[in-house]
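Here's the structure we're looking at; comments come further down.
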Amino acid sequence: MSARRPQGRSQRGRARISQRVGELSPSGIRKFFDMLATMEDVISLGVGEPDFATPWHISEAGISGIEKGYTMYTSNRGMLELRQELSRNLSARYGLTYDPDSEILVTVGVSEGLDLAMRAIINPKDEVISPEPTYVAYEPSTLLAGGRFVPVPTTVENNFRVKAADIEKRITGRTKAILLGYPNNPTGAVMEKADLEEIAELAQRHDLVMISDEIYDQLVYGVKHVCIASLPEMKERTIFLGGFSKAYAMTGWRIGYAAASEEIIEAMTKIHQYTMMCVPIMAQMAAIEALKSGEAAVKEMVADYDRRRRVMVKGLNAIGLSCFEPKGAFYAFPSVAVTGLSSEEFAEKLLIEERVAVVPGVAFGGSGEGYVRCCYATALDEIREALRRMRRFVQRHKS
Ligand SMILES: Cc1ncc(COP(=O)(O)O)c(C=O)c1O
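Here the sequence shown stands for residues 183 to 581, numbered as in our numbering.
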């Protein structure tokens with residue numbers, strides 16, 4: 183008899199998977215969406231995407247492109263007209279000058295931009311420092327590039343802003359980059375200029391790359407977003423990642439962009455040209471229209487999010503789920519401490535008992551424990567009904 187036990191199918195299957203991918207945990211959000219898909223009458227505050235359709239004139243630009251026969255590949259870097267518009271846009275908003283020929287790359291969302299940025303700069307075991315709670319893709323993209331992810335916990339006492347001193351404590355000889363994502367998913371936190379200046383000084387002193395995911399830069403309420411690349415001496419070491427998904431309600435078009443030094447964009451383009459070739463041309467045509475004349479629609483959507491934000495935050499605090507005021511993105515991040523439940527227990531029971539979907543804070547890293555993420559890119563009526571259901575739930579579970 184053979185000493186080796188016959189391998190089961192799943193064991194054999196797993197053995198074929200690379201160690202790097204095998205060790206990656208699935209997103210903590212997925213479990214809830216799988217449960218949600220089997221249930222009826224659920225109000226979802228779970229998904230992080232606009233409930234608006236893409237403004238029609240933007241969609242029409244993509245459709246009209248198809249009708250005219252624009253259905254082919256474009257330049258790997260993206261259509262020149264789009265890169266020129268992006269360059270103009272970044273100059274108008276942040277006073278930054280990016281050469282459309284060499285310093286801008288159009289990507290398949292910020293998702294691809296992030297992956298390319300990591301793969302372009304990371305050597306094995308290089309470390310990337312990033313605030314936590316963290317957007318779910320930051321750690322996996324670091325690990326998949328062969329790097330190590332070093333989280334810096336942030337707390338509600340500091341409005342979930344990361345401090346330069348807390349980053350500095352984690353800098354080692356292997357630190358390659360700081361990765362920031364503000365306005366923040368999941369907390370809704372924004373950074374203040376003075377804090378960013380200290381972090382910029384740190385990056386310069388330790389010669390670190392700054393990766394800045396600013397996908398929510400236009401979704402701010404009563405504050406001005408500060409772009410870290412626009413601080414003195416920061417442009418050449420910053421990889422700016424921007425997108426269309428959130429501000430223009432274009433998640434399904436899959437388009438974003440990266441702006442950085444010529445060397446970094448060249449390296450990112452090398453990967454992009456072999457893996458993606460280019461972003462679909464119709465999405466690029468729609469994005470040109472968004473940049474040329476989408477501002478009014480963005481302003482309207484932001485005003486609407488702001489109304490919903492106020493209702494959500496006031497409502498959460500009123501039912502005992504203490505919530506700091508988020509000034510950006512479209513998320514509220516209330517504490518569930520009053521119930522004595524863990525964030526996963528809270529989210530699971532709330533979904534089963536009251537049919538409201540929220541995301542457990544622990545899905546965004548250990549420092550998200552004790553909180554849940556509620557996305558308020560949802561119709562006001564639904565938010566109000568969700569709050570009524572949550573009130574009942576909290577009353578039942580108050581510890
Ligand atoms: C912080 C953050 N970065 C990036 C992304 C991905 O955006 P995209 O649709 O541009 O790939 C998201 C989407 O939720 C996000 O919240």
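For each residue, glycine too, the CB sits at the ideal point set by N, CA and C.
Query	Result
Compute every distance between the C-beta of tyrosine 138 and the non-hydrogen atoms of ligand 1, then say whether any falls below 8 Å.	In the structure as shown, the chain starts at 183 and stops at 581, and residue 138 therefore has no counterpart that could be examined.
Measuring CB to CB, does glutamate 314 end up less than 9 Å from glycine 547?	yes
Between proline 322 and chain D, is any beta-carbon pair separated by less than 9 Å?	Annotation note: the requested chain D is absent from the structure, which comprises a single protein chain.
Please tell me whether, using a cut-off of 8 Å, the distance from the CB of asparagine 271 to the nearest non-hydrogen atom of ligand 1 is below it.	no
Run the Cβ filter for me: residues under 6 Å from any heavy atom of ligand 1, listed in the order they occur in the chain.	Gly230, Gly291, Val292, Ser293, Tyr317, Gly363, Asn367, Asp395, Ile397, Gly425, Ser427, Thr433 and Gly438
For a test of your reading of the model: does the CB of valine 544 fall under 8 Å from any non-hydrogen atom of ligand 3? Yes or no.	Ligand 3 is not among the ligands present in this structure, which contains only ligand 1.
Under three-state DSSP, which class holds tyrosine 456?	helix
Beta-carbon separation of alanine 529 and phenylalanine 214 under 9 Å?	yes
What is the DSSP secondary structure of tyrosine 276, counted as helix, strand or coil?	helix
Skipping 5 residues on each side, what residues in its chain have a beta carbon closer than 6 Å to that of arginine 574?	none
Assign leucine 562 to one of two classes, buried (16 or more other C-beta atoms within 10 Å of its C-beta) or exposed (fewer than that).	exposed
Ignore the nearest five residues each way along the sequence and tell me which others in valine 502's own chain have a CB closer than 8 Å to its CB.	In the sequence on display, residue 502 carries glycine and not valine. Cβ within range, chain order: Val520, Val576 and Lys580.
Run through the segment 309-337 for me and flag every whole alpha helix (DSSP H) of 4 or more residues, listed as ranges in chain order.	320-326
What did DSSP end up calling alanine 449 once you bin it into helix, strand or coil?	helix
Considering only the alpha carbon of each residue, which of Ser475, Arg270, Arg259 and Lys531 lies closest to valine 288?	Arg259
Ignore the nearest five residues each way along the sequence and tell me which others in methionine 464's own chain have a CB closer than 6 Å to its CB.	Gly244, Gly247 and Ile248
Kindly list the residues whose CB is nearer than 6 Å to the CB of serine 184, restricted to its own chain and excluding five residues on each side of it in sequence; keep chain order.	Low confidence applies here, because serine 184 scores a pLDDT of 43, under 50, leaving its location unreliable; read the following figure in that light. Counting only Cβ-Cβ distances below 6 Å, and skipping sequence neighbours, we find nothing.
Between which two residues does the beta strand (DSSP E) containing isoleucine 393 stretch?	391-395
Could you pull out every residue in the same chain whose Cβ sits closer than 7 Å to the Cβ of leucine 272, ignoring the five residues on either side in sequence?	Leu278, Tyr280 and Ala441
Going straight from the alpha carbon of methionine 572 to that of serine 504, what length do you get?	13 Å
So what's leucine 503 in DSSP terms, helix, strand or just coil?	coil
If you draw a straight line from the C-alpha of lysine 531 to the C-alpha of serine 524, how long is it?	11 Å
Starting from the C-beta of glutamate 379, find all residues in its chain whose C-beta is less than 8 Å away, skip the five residues before and the five after it, and write them out in chain order.	Leu413
Select from Glu482, Met467, Phe331 and Leu262 the residue whose C-alpha is nearest the C-alpha of lysine 250.	Met467
In chain order, what residues of the same chain have a beta carbon less than 6 Å from the beta carbon of isoleucine 381, not counting five sequence neighbours either side?	Ala346
Flag this pair as touching only if the segment 532-544 and the segment 431-451 have three or more C-beta atom pairs under 8 Å; answer yes or no.	no
How would you call proline 306, buried or exposed, if buried means at least 16 neighbouring beta carbons within 10 angstroms?	exposed
Using CA atoms only, rank isn't needed, just tell me which of Arg301, Pro322, Thr316 and Leu264 is closest to serine 624.	With the chain running from 183 to 581 in the structure shown, residue 624 is simply not present.
If you draw a straight line from the alpha carbon of serine 257 to that of isoleucine 470, how long is it in whole angstroms?	15 Å
Can you list the alpha helix (DSSP H) stretches of 4 or more residues lying completely in the segment 475-538, in chain order?	477-500 and 525-536
Taking the alpha carbon of glycine 370 as the reference point, which residue from Lys496, Met221, Pro508 and Gly550 has its own alpha carbon closest?	Pro508
Could you tell me the boundaries of the beta strand (DSSP E) in which glycine 438 lies?	438-441
Hey, valine 224 and alanine 539: beta-carbon distance below 9 Å or not?	yes
On the CB-based measure, 16 or more other CB atoms within 10 Å of its CB, does arginine 419 come out buried or exposed?	buried
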